[in-house]
Amino acid sequence: MKLLLTSGGVTNPSIRAALVGLLGKPIEDSHALVIPTAQWGHPMCGPTSVRGLITGGHDFRDLTGLGWASLGVLELTALPTIEVHRWASWVRDADVLLVDGGDAAYLSHWVLESGLAEMLPSLPEAVWVGVSAGSMVLTPRIGASFVTWPMAADDRTLGVVDFSVFPHLDAFPENTLDHAERWAADIGGPAYAIDEQTAITVVDDTVAVVSEGRWVGFGT
């Protein structure tokens, strides 16, 4: 897959241009599936926030509210109870997966449990747009401070990319650069701290930062 890893979504023209470049066509001609699963694992999320995500409400104007040709919902917790041939066709027919934030450890569990992880290598032209946990889930580790799901064994996630992501730089009191530096020291590998105006694109082995804001690389 082609990856657009963000902290807050498609928040500025530079990130939007990067998304259109990955899609190879306008957003208005692209068919999307939104994955809300990570929200269920986070104590600050719930039915109201999931509803806003799915309906493209104001708080989600930079993800589901971008004006997609069509927008469907892919709830990973349901997939193990559905025949694979049904939901696999939904994924293959989508141009983009919009993977929202919440708890990355919970999301990682369900990407694996649902069988979606096995499908990803067979989708070379599809785009994964991650927001917060939806970006972090593709990394090797998220750091213990970002694990809120009590059933998580540790902070390891899918390891699709070889770097970690610290999202929401400067957006919350606990997401300062000092915090990011301590987090990166614990991660012990390549990492990026990104704010709401920054994204990371990954195409094959090429990694690029797209930003109209602030970001810091650690060991990259």
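For the sequence shown, the numbering used here gives the first residue as 1, with consecutive numbering after it.
No residue lacks a Cβ here, since even glycine has one placed at the ideal position from N, Cα and C.
With 16 other Cβ atoms within 10 Å as the buried cut-off, status of residue i
| i | result |
| --- | --- |
| glycine 101 | buried |
| aspartate 155 | buried |
| threonine 139 | buried |
| threonine 6 | buried |
| serine 228 | The requested residue 228 is not part of the displayed model; the chain covers only 1 to 220. |
| proline 36 | buried |
| histidine 109 | buried |
| leucine 177 | exposed |
| phenylalanine 172 | exposed |
| glycine 219 | exposed |
| glutamate 174 | exposed |
8 Å Cβ cutoff met for residue i and residue j
| i | j | result |
| --- | --- | --- |
| lysine 25 | valine 127 | no |
| isoleucine 142 | alanine 104 | yes |
| glutamate 125 | glycine 67 | no |
| valine 131 | glycine 9 | yes |
| leucine 4 | threonine 201 | yes |
| leucine 112 | valine 137 | no |
| alanine 133 | leucine 107 | yes |
Closest residue to residue i among the options (Cα-Cα distance)
| i | options | result |
| --- | --- | --- |
| serine 135 | His168, Glu113 and Leu123 | His168 |
| serine 14 | Phe163, Val203, Asp204 and Ser211 | Ser211 |
| alanine 208 | Leu63, Phe163, Arg182 and Leu177 | Phe163 |
| glutamate 181 | Val50, Trp40, Trp215 and Tyr106 | Trp215 |
Endpoints, the alpha helix (DSSP H) within which residue i is located
| i | result |
| --- | --- |
| serine 164 | Looking at the DSSP string, serine 164 is not in any alpha helix (DSSP H); the run it does join, the beta strand (DSSP E), is 164-166. |
| tryptophan 87 | 84-93 |
| tryptophan 215 | First-last for tryptophan 215: 215-218, but that is the beta strand (DSSP E), not the alpha helix (DSSP H). |
| isoleucine 15 | 13-23 |
| leucine 74 | It is not in any alpha helix (DSSP H) - leucine 74 carries neither H nor E in the DSSP assignment. |
| serine 49 | 47-55 |
| isoleucine 187 | 177-187 |
Beta strand (DSSP E) segment containing residue i, residue limits
| i | result |
| --- | --- |
| histidine 31 | 31-35 |
| valine 129 | 127-131 |
### Message
Could you check whether the region 189-201 touches the region 113-120, counting it as contact only if at least three pairs of C-beta atoms, one from each stretch, sit closer than 8 Å?
### Response
With the cut-off at 8 Å, the region 189-201 and the region 113-120 do not touch.
### Query
Per the contact definition of three or more C-beta pairs closer than 8 Å, is the region 81-94 in contact with the region 38-51?
Too few Cβ pairs lie closer than 8 Å, so no.
### Contact the region 68-78 vs the region 31-41: 3+ CB pairs below 8 Å
Yes, the region 68-78 touches the region 31-41.
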